[in-house]
Every structure is written in C-alpha cells, then in structure tokens.
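Residue numbers (this note's numbering), protein chains in the order written: chain A, 1 to 470; chain B, 471 to 646. Don't be surprised by glycine CBs; every beta carbon is placed ideally from N, CA and C. Reviewing the structure listed below.
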Amino acid sequence: MSVSVSRIREPLVLGNKDYHQITEDLVGPTEKAPNTMWIVAFMVSVSLFAWGIFSLIWTFWFGIGTWNLNRTIGWGYDITNFVWWIGIGHAGTLISAILLLFRQNWRNGVNRAAEAMTIFAVMCAGLFPATHTGRPWFDFFMFPYPNTRGPLWVNFNSPLLWDLFAISTYFTVSLLFWYTGLVPDFASVRDRAKGIRKKIYSFVSMGWTGSAKHWQRHEYLSLILAGIATPLVLSVHTIVSFDFATAVVPGWHTTIFPPYFVAGAIFSGFAMVQTLMVITRKCFSLEEYITINHIESMNKVILLTGTMVGSAYLIELFVSWYSGYIYEQFAFYNRVFGPYYWAYIGMMGCNLLSPQVFWSKKIRRSVFWTFLMSIFVNIGMWFERFVIIATTLAKDFLPSSWSYYWPSWVEIGIYLGTIGLFFTLYLVFARVAPVVAIAEVKAILKKYGDQYLGPKAKPQHDHSATEPVH
Amino acid sequence: MKSQHKEVLFGLYNDEEELKSALRGANEQHLDIMDVYTPFPVHGMDSLLNLKESRLHVVGFLFGMLGTLTALIAMSWIFTSDWPTIFGGKPYFSLPSFVPIIFEMTVLFSAIGMTVVFYIVCGLGFGVNNPILDDRITDDKFCLAFQTNDMKESAVKSLKGFLKKTGAAEVHSKVI
C-alpha cells in the first residue's frame, strides 16, 4: 500500500515524536495516579449511575406503573433513550471499519476511544429493552431456545426480534474488533509494568509477542472484520428504524426511515465522539495525537450527516403533504404545531440549523465550538427520537384517546443512570487501557511525518543511518 | 509447540528500514531466520520473510456460510414444521422477513469464527505466557532472531557479526 502524501500536509501526529515517545505518552496515563479532573468526573459519573440503579430497583419493585406510560402512549422515554444510545454507538464502528476500508489514516488517532464508546453506548442501550419487559429475570425468553412450552418459539417475522439479533451481533462484533486491536497495546503496557500490574496485563495481552506472522494475521483479521462490520453497522440502525417503519402508524410508516436513521446515527455518534475526544485530549494531554485536524475531519462528517438528516426532515414534511393522505398530513402537522412543538423546534434547531456553522473553517477548527456543537447535536438527536415516538403516539386515530406524556422521575433517573454508566465505563477504560491505538499510530508515524516540509517540520532525516551496510 | 529449550540469538534494530535491509542481507546469505518481532505491523515483511498469504478469509467465509445455513434452516424448520404459525396472513415460509436475521447470523458466525481461529493458530489466549525476548520490542525496537541450538561456535559468531554489520544496535542471546 504505497500512498503518496503531500509534502505540505500536516502530519497526523504532531510534535516530531519518535516511537519511544509515543509509548511514553500513550501508556503513561495508565501508569500514573489519576488527576483531579478525572477523579471529579468519575465521582459525578458514579453518583449518576448509582441514582440509575436506584431508579431501576424502584421500577422492578413497584413495576412499570411507576413510569408515566399510558394506554395511548405505550412507548415513551424508554425506547427514545434506547434509540438515542444505539445511534451514538454507531460512530465507533464507522470510524474503525468504514474509514479503514477507505484508507482514511487519520482514524488511527481516534478509533480506539470511539470503539470503546460504541461498546459502552450499546451496553447502555441494551439496558432499556431489558428493563422495559418489567421482569428482567425473564429476558432470556426473548431468545429462541428449545423450551418446555411447546416448544413455543419467538416470532422471527417481527422487527423487534430482528433488533435483538442485530444488537447482540453488533455488540459482539464490536467487542471482538476492539479487543483484538487492544491486545498488542496491552502487550506494550505489560512490557513496561512491574509486579501485579505485569501479571494482569500479561493475562489480558494473551501472550502477544509481535511476531511477523502474528502481525500479518492480525492485519488480515482487522481488515476482514472491518469488511463485515461495515454492512453490519448499516444494518443495525436500519433494523432499529424497522421497529417503527413496519408499523402502520402514520408518521412511522415511511420508507425514508432506514437511510435517515443511519445518517442520524452517524451524526449523533460523531457528536458524542467529539464530546469525549475534546475532554480526553485535554485530560490526558493528547493534543498531539488527537489534533485539530482530527477534530476538523469529524466536524465535516457532522456537517454532512447533519445536512442529510435535515433534508430527510424536510422531505418527510413534503411527502406527507404530497401524499394527500389526511392521517399522514395530520401526523406531521401535529409534530410541528401540536402539543410537542417545543421538541420539534429543538430537533430542527439542533440538528438542521446548528451544524451549518461548520461551513466556516474557523469554527470547524475551534475546540470550544466543537464541544458546544457536539452537545447541541446530542440534545437535538434525543429530541428527534422523542418527536418520532411520543408525538406520533400522543394523537392517534381516535381523538377520545388522545393523551400527553411526560416522564416520571423514575424514567428520568434511569436515563441519567445510563449516562453515568457510560461515563464511568469510559473513564475506567481511559485509565486502564491506552486511549489511542499505540501500534496503529506508530505504523503511520513515518509515512505521514517524514515527508512534511511545512513550518515546525523536524530537521531533514539523516538517511545515512538507514543505508544498508555491506 | 515443542517444550524443548531454544537458544536464541537476536539483534535489536532501531528502525524498521534497518531491519528490512538486514532481512534482505539475510536472504542473500540464505540464513535461517527464526522470527522477526516488531512493535507494529511493518509493511513489506511478507515477501522478505516468505510468509504465505493468510487464509483467514477462507475461515471467515466458511463460518459465515455456517451462520447463514443455521439461521435459514432453523427458522424454516420452526415456522413450517415445528410450530407453524400464521402471522398477518403470510405464508409459513416467508423468506423476505427471514433475511435480517440470516444476515446478522452470517456476520456473527463469521466474526466469532475468524477471531477464535486467529487466536488458536497464533497460539494466543488468556493466560498464555509466550517468552518475550526483550521488553522493548513492544516499544521501539525491531528484533531479528535466529535459533542457535546445535550450532557451532563459529557459526554463532558469524551470525553475531552479521547482526552487528547490518546495524543492530544491540545483540543478545537468550535461552527460552
């Protein structure tokens, strides 16, 4: 794979690093005691998580009746949060798989953290359907297994079951992909560690030696896993959208849902990656690995997918009007001007309008704006799911059963709990494993560094050292 | 793997280009290389070490097919003979709605199969402690290793000379 790299393009890793310096910088955070910023963040996250556990126990003790769902609105906060988290969980695999296939080498700085984020987000997402059954100890009923009740099987024609398969597969494949990538980096940590840490990292690094044949197979495995994860990641949110699109509810029954959900998932996933990267690079001083160029590239993806999602909103409105079908027309009129108009404004403002500021290069490269926008997008995408779910159900075919839904403190508690769980897991991960893929960054260091002739370039490489001695 | 002790002579290089040119030299002299260890995948090693192309993709394909068939056969059997149920007036065997699960199972089987086979053929796994020649190989050293069991003193010496001459920063020997 010989790519020619422009001599004036800034290198992917700044600061004229050598291989040893990279190991120092990236393994370092796992060896030192955490800084105050980390401790404060960890305590806040764990508290939120604990509050979530309390709300879950409350739910299981008193039942689903503690939620504000009613006969009209049977799907509310729970599935909104589920879809939100699953969407966020799309960026990791997109960055690692699709960008790997496209040979976008800037992904190497952010892929590890994004993959970890994916796994944690899918875990948070999985919590919601598991809870929604009300009796989580019977959740294994959802899987097809030979049983004594007939055997009575699950319904393989149901999108909800497809969803179960899609998400379990997605979680498993992402985990394998992530862990296989981590093994060589754990070996780097292992070879610097002493005592009990050495034992632990020896265990998790699976005896990695760095043999040429192992590397060859490792690269092969990564590439093929990327190849099969690419259609997988597109299938997951497509199937999530089928949960709605195969229903005959006006406002849900649309063929635009799969592409629009996938674009939205990538959009929100990248926003969450930005939120985490801005914090991570600051907290662990990784500004030279996760550079402004990385942030700018991701902002471009946010701009693109945000505009796609925005167009989908407008097309939806147009199609409902053009369809001439009054129930469809009412569903959308109700979204825009109905009792949940504020959610619609939030969705349009945060998803369609706010990312447009990224047309400006200055804003794309500003850390402050990136962080602000990433929060906006996360909020906007939450509103999108809320608009689709609650607004549509609130005013159904029968005006006598129209209702209004607002979550109870228990539902909000569970949601905050998953945010706590997500950040707790991420913070722990950032302490025990290298947040930037060490081996992958080393592999691109020279190709994207040695050619550079712009300002701050390192003095020209002395080639005599690499000349073979005969 | 044989449990017999291996005497290993290895040189540590500071740069992958030095290692590659050393390998070229070793190939010219027809030296029997035990293995090469690097901190990251160095491209162009396959031809220098005469490594065959990995066949993991075949494994992935076979496991994927296994997943496809498992899902297809299981769902067809369940819905046509074990417990036939009519959903929305559709036929018992409604292939289009089986597609999503067939696809997911294909990917799942393929990914798990390939990854497990990868760890097995590489001899890696939780709790495995492969001998490490030098702690800096996972940091910034590139290692070229020769096995020197039953070798004459003079042959070992000439290997040492070869490593030094090709630019190895350090040359060590170790019994593993």
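Neighbourhood of T273 of chain A by C-beta distance below 6 Å, restricted to the same chain and skipping five residues each side:
By one-based count along the first sequence, residue 273 of chain A stands at place 273. One detail in the question is off: residue 273 of chain A reads as Val in this sequence, not Thr. Here the set comprises A91, A114.
Establish whether the CB of H20 of chain A and some CB of chain B are separated by less than 8 Å.
Numbered from its first residue, the first sequence carries residue 20 of chain A at position 20. Yes, H20 of chain A lies at the interface with chain B (some Cβ there is under 8 Å from its Cβ).
What three-state label does DSSP hand K644 of chain B in the structure shown?
Mapped onto the second sequence, residue 644 of chain B falls at position 174. Collapsing the DSSP output to three states places K644 of chain B in a strand.
Separation of T180 of chain A from R364 of chain A, as counted between CA atoms
Mapped onto the first sequence, residue 364 of chain A falls at position 364. Mapped onto the first sequence, residue 180 of chain A falls at position 180. Approximately 33 Å, taken between the alpha carbons.
CB contact flag (P184 of chain A, A443 of chain A, <8 Å)
In the first sequence, the residue the question calls residue 184 of chain A occupies position 184. In the first sequence, the residue the question calls residue 443 of chain A occupies position 443. Taking 8 Å as the Cβ cut-off, P184 of chain A and A443 of chain A do not qualify as a contacting pair.
Listed by chain order, chain A residues near M545 of chain B by CB distance under 7 Å:
Working through the second sequence from its first residue, we reach residue 545 of chain B at position 75. Chain A residues near M545 of chain B: F156.
As assigned by DSSP and simplified to three states, the class of L161 of chain A:
Start at 1 with the first residue of the first sequence, and residue 161 of chain A comes out as number 161. In the three-state reduction of the DSSP assignment, L161 of chain A falls in the helix class, which pools H, G and I.
Tell me which residues of the segment 211–231 of chain A have at least one Cβ-Cβ distance to chain B shorter than 8 Å, keeping chain order.
Close to chain B, meaning a Cβ-Cβ distance shorter than 8 Å, are the following residues of the segment 211–231 of chain A: S211, A212, K213, H214, W215, Q216, R217, H218, E219, Y220, L221, I224, L225, I228, A229, P231.
Hey, could you find the ends of the beta strand (DSSP E) Y507 of chain B is sitting in?
The residue given as residue 507 of chain B occupies position 37 in the second sequence. That run of the beta strand (DSSP E) goes 503–507.
Are the C-beta of R197 of chain A and some C-beta of chain B separated by less than 8 Å?
Taking the first sequence and counting its residues from 1, one reaches residue 197 of chain A at position 197. With 8 Å as the cut-off, R197 of chain A does not count as an interface residue toward chain B.
Hey, M206 of chain A and Y589 of chain B: beta-carbon distance below 8 Å or not?
The residue given as residue 206 of chain A occupies position 206 in the first sequence. The residue given as residue 589 of chain B occupies position 119 in the second sequence. Result yes, Cβ atoms of M206 of chain A and Y589 of chain B sit closer than 8 Å.
When A:P259, A:V233, A:T280 are compared against M37 of chain A, the one with the closest alpha-carbon:
Here residue 37 of chain A refers to the residue found at position 37 of the first sequence. Looking only at A:P259, A:V233, A:T280, the smallest Cα-Cα distance to M37 of chain A is reached by A:T280.
In DSSP terms, what Y483 of chain B is bridged to
Here the question's residue 483 of chain B lines up with position 13 in the second sequence. Bridge partners of Y483 of chain B according to DSSP: B:F612.
State the beta-bridge partners of Q474 of chain B as determined by DSSP.
By one-based count along the second sequence, residue 474 of chain B stands at place 4. Answer is none; Q474 of chain B lacks a bridge partner.
CA-CA distance, W162 of chain A and F156 of chain A?
Here residue 162 of chain A refers to the residue found at position 162 when the first sequence is read from its first residue. Here residue 156 of chain A refers to the residue found at position 156 when the first sequence is read from its first residue. Taking the CA atoms as reference points, W162 of chain A sits about 7 Å from F156 of chain A.
Provide the residue span of the alpha helix (DSSP H) that contains M535 of chain B, from first to last.
The count along the second sequence starts at 1 and reaches residue 535 of chain B at position 65. Segment 526–547, the alpha helix (DSSP H) holding M535 of chain B.
Answer yes if the segment 575–590 of chain B comes into contact with the segment 227–235 of chain A, meaning at least three C-beta pairs across the two stretches below 8 Å, and no otherwise.
The answer is yes - the segment 575–590 of chain B touches the segment 227–235 of chain A, with three or more Cβ pairs under 8 Å.
Along the chain, where does the alpha helix (DSSP H) that runs through G69 of chain A open and close?
Counted from its first residue, the first sequence places residue 69 of chain A at position 69. According to the sequence provided, residue 69 of chain A is Leu. The question's Gly does not apply to it. In the DSSP assignment, L69 of chain A falls outside any alpha helix (DSSP H), carrying neither H nor E.
Which partner residues does Q104 of chain A have in the DSSP bridge list?
Indexing the first sequence from 1 puts residue 104 of chain A at position 104. Q104 of chain A pairs with nothing; no bridge assigned.
Under 8 Å by Cβ, that's how I've got R112 of chain A and V436 of chain A pegged, so tell me the actual separation to the nearest angstrom.
Indexing the first sequence from 1 puts residue 112 of chain A at position 112. Indexing the first sequence from 1 puts residue 436 of chain A at position 436. At roughly 6 Å, the Cβ-Cβ gap stays under 8 Å, so R112 of chain A and V436 of chain A are in contact.
Per the contact definition of three or more C-beta pairs closer than 8 Å, is the segment 414–424 of chain A in contact with the segment 33–49 of chain A?
With a cut-off of 8 Å, the segment 414–424 of chain A and the segment 33–49 of chain A count as touching, because enough Cβ pairs lie within range.
Thinking C-beta only, is I572 of chain B closer than 8 Å to A615 of chain B?
Indexing the second sequence from 1 puts residue 615 of chain B at position 145. Indexing the second sequence from 1 puts residue 572 of chain B at position 102. Taking a C-beta distance under 8 Å as the contact criterion, A615 of chain B and I572 of chain B do not qualify as a contact pair.
Rounded distance between the beta-carbons of S643 of chain B and L479 of chain B, thought under 8 Å:
Against the second sequence, residue 479 of chain B aligns to sequence position 9. Against the second sequence, residue 643 of chain B aligns to sequence position 173. Contact holds; Cβ gap of about 5 Å.
At which residue ranges does the segment 256–334 of chain A contain complete alpha helix (DSSP H) runs of 4 or more residues, listed in the order of the chain?
Counting whole runs of 4 or more residues, the segment 256–334 of chain A contains the alpha helix (DSSP H) stretches 257–283, 292–323.
7 Å CB neighbourhood of P129 of chain A in its chain, flanking five on each side removed:
Counted from its first residue, the first sequence places residue 129 of chain A at position 129. Around P129 of chain A: F82.
Roughly how many angstroms lie between the CA atoms of N334 of chain A and T391 of chain A, to the nearest whole one?
In the first sequence, counting from the first residue as 1, residue 334 of chain A sits at position 334. In the first sequence, counting from the first residue as 1, residue 391 of chain A sits at position 391. Distance between the alpha carbons of N334 of chain A and T391 of chain A: 7 Å.
Residues of its chain near W58 of chain A, where Cβ-Cβ distance is below 8 Å and the 5 sequence neighbours each way are ignored:
The residue labelled residue 58 of chain A in the question sits at position 58 within the first sequence. Within the same chain, T66, V410, G413 come within 8 Å of W58 of chain A by CB-CB distance, once the 5 residues on both sides are set aside.
For F332 of chain A and chain B, any beta-carbon pair shorter than 8 Å?
Numbered from its first residue, the first sequence carries residue 332 of chain A at position 332. Chain B, which has no Cβ nearer than 8 Å to the Cβ of F332 of chain A, makes this no.
Spatially closest choice to V387 of chain A from A:A331, A:A430, A:L353, by CA coordinates
By one-based count along the first sequence, residue 387 of chain A stands at place 387. Answer by Cα proximity: A:A331.
What is the C-beta distance between H237 of chain A and V262 of chain A, in whole angstroms, given that I count them as a contact (C-beta under 8 Å)?
Against the first sequence, residue 237 of chain A aligns to sequence position 237. Against the first sequence, residue 262 of chain A aligns to sequence position 262. Rounded, the Cβ-Cβ distance is 5 Å, consistent with contact.
Per DSSP, which one or two residues make a beta bridge with Q617 of chain B?
Stepping through the second sequence from its first residue, residue 617 of chain B is reached at position 147. B:V478.
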